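Sequences listed follow chains A and B, in order.
Mapping to the working numbering: the first sequence position 23 is 23, numbers consecutive.
Mapping to the working numbering: the second sequence position 208 is 453, numbers consecutive.
Glycine is no exception: its CB is placed at the ideal position from the N, C-alpha and C atoms.
Please read all numbers here as calculations on a predicted model, not as lab measurements.
Protein chains: 2
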Amino acid sequence: MARSALVVIGNEILSGKIVDTNTPFLIAELRSLGVQLCEIAVVPDEVARIAEAVARVASRSDHVFTSGGVGPTHDDVTMEGVAAAFAVPVIRHPRLEALLRGHYEAQKLPLEEANLRMADVPEGATLLEGPDLRWPVVAMRNVYVLPGIPEIFRRKFLAIRERFRDTPFVLRRIYVRCEEGPIAKDLSVVAARFPQVAIGSYPRMQPDEDGHRVLLTLEGKEESAVAAAVDDLVQRIANHVSRTT
Amino acid sequence: MARSALVVIGNEILSGKIVDTNTPFLIAELRSLGVQLCEIAVVPDEVARIAEAVARVASRSDHVFTSGGVGPTHDDVTMEGVAAAFAVPVIRHPRLEALLRGHYEAQKLPLEEANLRMADVPEGATLLEGPDLRWPVVAMRNVYVLPGIPEIFRRKFLAIRERFRDTPFVLRRIYVRCEEGPIAKDLSVVAARFPQVAIGSYPRMQPDEDGHRVLLTLEGKEESAVAAAVDDLVQRIANHVSRTT
């Protein structure tokens, strides 16, 4: 099962100036692709912190996505951070530089030295190009560097999403009328019997209109294992179960 | 300046089953208290991952808050994770056990062994009690363990928030009509001249109705330094500035 991680870069998120919408978007996308998201780190615009987070998650993930910190100004340091994570220098990429120069020329806009920072990438990075992409996505090994502006983050992710598709998740739900205490022991037993099934238990403050106090979720990649875990658990806590989906 | 971190625990967040509303709440609260939030980690319901994240951020933060993973079921392992972060065992806290037993007796509810897990805390933890709290907040050194259910997360944080109050942040904004390229060099100069002022540059995809393409934010704890940085920057990029607040 593919494991992934997200590193969000941005003082603006940590200080509450901008609400992070890229994270919920990516969570939903990865889920629908069958890719497990194992961790998220939100770090400030500091090379050392970006490098630390990227290095930590890149070594134990199949795919890492970064959001933010890409641009021409002093607070855009994600490329430096990713380069530091892999202990390589930042270099100016000839293809990106050519694309930038062509764009500014075509638009008859003055090209500032700062704009060329957008062509700087970690040494060894590759460019992913696609028909829906005006600018390529920069990938450094298993790290995909995406910009923070939500429209561009989405457009770029959607252009490369199919390369991450994996076996879909199978999700079953059991609605329970009692609180967590009386079912906790049985949950532990079933969780131990089916290690390939992730079992979640989510209590509500107040029962819902149908009298449910706890929602149990059973999830995995093998439909038969998930079904067997549901059957086993329902049998054990039958008198508390209200509904199964 | 007080530095803080947040560790969110929960497979349900990473898998998109539940939208995390505790993070935006805490971001806004900490900001209004004058406390800098330096990093956020979202980790699964796994002792090792919780321990790793808590240990990493606790050593470099004044305050750490955790959200989620507190309860009677197999997937509630935050106390074990925090204990492991500090290399101490989990113990049953006599005061919490007495509170729990009293509650179940008063409510005439059966007390399951699993319910008593709510009295388990890292050895050395302290209890923060308050008039607005039915259950105390568990604090392990500088780590405040809060539950994931949003209503309880909020109630508990609000009951302890005043102990974290710090000098307020001063925030000024400059609205700019050009793109980032032409002002990038001046931003770098002013950012270097005023290291105690955090300068952010946030471009828009399209100019807003007033023609602004970039929002600059200047923020710090010293009003005079922030004002001086604003004056310096406005002077350098005067022909691009549309408005200052």
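For the beta strand (DSSP E) containing residue i, name the first residue and the last one.
i, result
"Thr462 of chain B", "Val459 to Gly465"
"Thr371 of chain B", "Thr371 to Leu373"
"Asp120 of chain A", "Asp120 to Pro122"
"Ala443 of chain B", "Ala443 to Pro448"
"Arg276 of chain B", "Note, Arg276 of chain B: premise wrong, no beta strand (DSSP E); alpha helix (DSSP H) at Asn267 to Leu278."
"Arg243 of chain A", "Val241 to Thr244"
"Val137 of chain A", "Val137 to Met140"
"Val143 of chain A", "Val143 to Leu146"
Name the residue from the options whose alpha carbon lies nearest to the alpha carbon of residue i.
i, options, result
"Pro438 of chain B", "B:Val366, B:Arg449, B:Ala473 and B:Met324", "The amino acid at residue 438 of chain B is misidentified as Pro; the sequence shows Arg. Of the listed residues, the one whose Cα sits closest to Arg438 of chain B is B:Ala473."
"Asn387 of chain B", "B:Arg379, B:Gly375, B:Pro376 and B:Ile405", "B:Ile405"
"Leu33 of chain A", "A:Asp186, A:Ala184 and A:Phe169", "A:Phe169"
"Gln480 of chain B", "B:Arg276, B:Leu432, B:Glu374 and B:Pro452", "B:Leu432"
"Gln281 of chain B", "B:Val471, B:Ile482, B:Ser487 and B:Lys466", "B:Lys466"
"Arg449 of chain B", "B:Glu425, B:Glu468 and B:Ser469", "B:Glu425"
"Lys430 of chain B", "A:Tyr104, A:Leu100 and A:Glu112", "A:Glu112"
"Pro376 of chain B", "B:Arg305, B:Ile428 and B:Leu403", "B:Leu403"
"Met118 of chain A", "A:Lys108, A:Arg101, A:Leu109 and A:Pro150", "A:Arg101"
"Glu151 of chain A", "A:Leu133, A:Ala139 and A:Glu97", "A:Leu133"
"Ala247 of chain B", "B:Asp455, B:Arg276, B:Lys353 and B:Gly393", "B:Arg276"
"Phe316 of chain B", "A:Gly71, A:Glu162 and A:Ile183", "Reading the sequence as shown, one finds Gly at residue 316 of chain B and not Phe. Gly316 of chain B has its Cα closest to that of A:Ile183, out of A:Gly71, A:Glu162 and A:Ile183."
"Phe25 of chain A", "B:Ile272, B:Asp265 and B:Phe270", "B:Asp265"
"Ser59 of chain A", "A:Met140, A:Tyr104, A:Asp166 and A:His103", "A:Met140"
"Val138 of chain A", "A:Ala191, A:Gln206 and A:Ala83", "A:Ala83"
"Ser469 of chain B", "B:Gln441, B:Gly456 and B:Pro452", "B:Gln441"
"Gly69 of chain A", "A:Glu209, A:Val7, A:Asp210 and A:Glu129", "A:Val7"
"Val190 of chain A", "A:Gln107, A:Ala114, A:Ile237 and A:Glu97", "A:Ile237"
What residue range does the alpha helix (DSSP H) around residue i cover?
i, result
"Gln480 of chain B", "Glu468 to Arg481"
"Met324 of chain B", "Thr323 to Ala330"
"Glu297 of chain B", "Val292 to Ala303"
"Phe65 of chain A", "Taken as a continuous stretch (DSSP letters only), Phe65 of chain A belongs to no alpha helix (DSSP H), being part of the beta strand (DSSP E) at His63 to Ser67."
"Arg258 of chain B", "Looking at the sequence provided, one finds Ile at residue 258 of chain B rather than Arg. Element bounds for Ile258 of chain B: Asn256 to Leu259."
"Arg438 of chain B", "Ala429 to Arg438"
Are the beta-carbon atoms belonging to residue i and residue j less than 8 angstroms from one another?
i, j, result
"Val145 of chain A", "Thr73 of chain A", "no"
"Phe331 of chain B", "Pro367 of chain B", "yes"
"Val292 of chain B", "Val302 of chain B", "no"
"Cys423 of chain B", "Arg458 of chain B", "yes"
"Asp370 of chain B", "Asn11 of chain A", "At residue 370 of chain B the sequence reads Ala, which differs from the Asp that was named. No. Outside cutoff."
"Leu116 of chain A", "Arg95 of chain A", "no"
"Gly16 of chain A", "Ile50 of chain A", "no"
"Val241 of chain A", "Val176 of chain A", "yes"
"Arg418 of chain B", "Leu461 of chain B", "yes"
"Val299 of chain B", "Ile258 of chain B", "no"
"Asp76 of chain A", "Gly445 of chain B", "no"
"Ser393 of chain B", "Asn484 of chain B", "The sequence as given places Gly at residue 393 of chain B; Ser does not occur at that position. Cβ distance not < 8 angstroms, so Gly393 of chain B and Asn484 of chain B don't count as in contact."
"Arg337 of chain B", "Asp365 of chain B", "yes"
"Leu354 of chain B", "Trp380 of chain B", "no"
"Glu219 of chain A", "Leu171 of chain A", "yes"
Rounded to the nearest angstrom, how far is the Cβ of residue i from that of residue j, given a contact under 8 angstroms?
i, j, result
"Glu39 of chain A", "Ala5 of chain A", "5 angstroms"
"Ser67 of chain A", "Phe164 of chain A", "Contact doesn't hold; Cβ gap of about 16 angstroms is too wide."
"Tyr447 of chain B", "Ile9 of chain A", "Not confirmed; about 13 angstroms, so no contact."
"Thr489 of chain B", "Val475 of chain B", "7 angstroms"
Any idea what DSSP makes of residue i, helix, strand or coil?
i, result
"Ile405 of chain B", "helix"
"His93 of chain A", "coil"
"Glu151 of chain A", "helix"
"Ala2 of chain A", "coil"
"Leu111 of chain A", "coil"
"Arg117 of chain A", "helix"
"Val287 of chain B", "strand"
"Arg173 of chain A", "strand"
"Leu345 of chain B", "helix"
Along chain E, in chain order, which residues have C-beta atoms closer than 7 angstroms to that of residue i?
i, result
"Arg248 of chain B", "As a matter of chain content, chain E is missing from the structure shown, whose protein chains are A and B."
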